[in-house]
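The structure appears right after this line, and notes come after that.
Residue numbers (the numbering used here): 13 to 296.
The structure is reproduced here in structure tokens:
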């Protein structure tokens, strides 16, 4: 798959007349422009839909410079703008605009051989006769695959305290390319401990999971086993959401529809970078 830079380079090359010429100062500047554009796109991937001001703050750029790169990414079909969702009472003035990766923008980061993987899973399903038997065969494969990952993640969680296991899992997921973060969510009940949202801003197998939801289901089972509680998957990239979001109840808290409502489904809000937490709740 092409990355963002290759996509931009190809588009610029197709529109540029003539053959390759030795590098000039202008070309060096153009290469720096492409590198910064890559950083803007990667920041949106890692943090979810973001405003130009948020991107400027994270990347140490001016808002005007970020907007120029966003214009280029939008023209290339890699980024799209939308109004930021606001929950509760909306203040005066126009709603803030945020920028999110399109399917094409996400594709530019994918390195997996999607078609080969889809064909392999379909063969597994057909080999046992398809139907329910085929679905269970794919589910067994998914459980085995994530089971191996669970062993590695389990080692990362073994030294974490009860209140730190979600953050430890996010760190382990990020090391595997899932760009995971954690957001703390206050409980609906007064004085009750806060739960958390585990957010995965990147999914290397999102296109395969669209066809085979058993992959998402097996991953959720692994999260539940590793964290020692019944977690709830609230949103997935594979089903069109901006971020894969899993609600993790606080230690000792029961998972219920009420808690799910309290957790919300805000996959457009941008959490703190890395595996840090926020004390604000979000609702989708």
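Glycine included, each C-beta is placed from N, C-alpha and C at the ideal position.
For this session: Report yes if the CB atom of residue 90 is closer than 9 Å to the CB atom of residue 60, and no otherwise.
Result: Position 78 of the chain shown, counting from 1, holds the residue named residue 90. Position 48 of the chain shown, counting from 1, holds the residue named residue 60. Going by C-beta atoms, residue 90 is not nearer than 9 Å to residue 60.
Note to self: Let's test the definition: count the other Cβ atoms within 10 Å of the Cβ of residue 358 and tell me whether it reaches 16, buried, or not, exposed.
What the structure shows: This structure leaves residue 358 out entirely; the chain is present only between 13 and 296.
Which parts of the segment 126 to 189 are runs of the alpha helix (DSSP H), unbroken and 4 residues or longer, counting only runs that do not cross its ends?
126 to 139, 143 to 169, 177 to 187
- prompt: Using CA coordinates, which residue listed in 113, 238, 51, 233 is at the minimum distance from residue 163?
  reply: Translated into the one-based positions of the chain shown, residue 163 becomes position 151. It is 238 whose Cα lies nearest to the Cα of residue 163.
Between the Cα of residue 121 and the Cα atoms of 263, 241, 54, 49, which residue gives the shortest distance? By 1-based counting over the chain shown, the position of residue 121 is 109. Here the closest residue by C-alpha is 54.
Got a sec, what are the start and stop residues for the alpha helix (DSSP H) residue 228 sits in? Position 216 of the chain shown holds residue 228. That run of the alpha helix (DSSP H) goes 226 to 239.
Q. Is the beta carbon of residue 51 within less than 8 Å of some heavy atom of the ligand MN?
A. No copy of the ligand MN occurs in the structure displayed, which carries no ligand at all.
_Bridge partner(s) assigned by DSSP for residue 193_ = In the chain shown, residue 193 corresponds to position 181, counting from 1. Residue 193 is bridged to 211.
Exercise. Is the beta carbon of residue 92 sitting closer than 9 Å to the one on residue 111?
Worked result: On the chain shown, position 80 is the one that residue 92 refers to. On the chain shown, position 99 is the one that residue 111 refers to. With contacts defined as CB atoms closer than 9 Å, residue 92 and residue 111 qualify as a contacting pair.
Notebook entry, point to check: Would you call the segment 145 to 165 and the segment 176 to 193 in contact, with 3 or more CB pairs under 8 Å?
Noted result: yes
- prompt: In this structure, what does DSSP give as the bridge partners for residue 113?
  reply: Looking up residue 113 in the chain shown gives position 101. Answer is 91, bridged to residue 113.
**Prompt:** Does the separation of the CB atoms of residue 327 and residue 119 fall below 9 Å?
**Reply:** Residue 327 is absent from the structure shown; the chain starts at 13 and stops at 296.
Review point. Is the beta carbon of residue 222 less than 9 Å from the beta carbon of residue 151?
Key: Position 210 of the chain shown, counting from 1, holds the residue named residue 222. Position 139 of the chain shown, counting from 1, holds the residue named residue 151. In this structure, residue 151 does not lie closer than 9 Å to residue 222 by Cβ.
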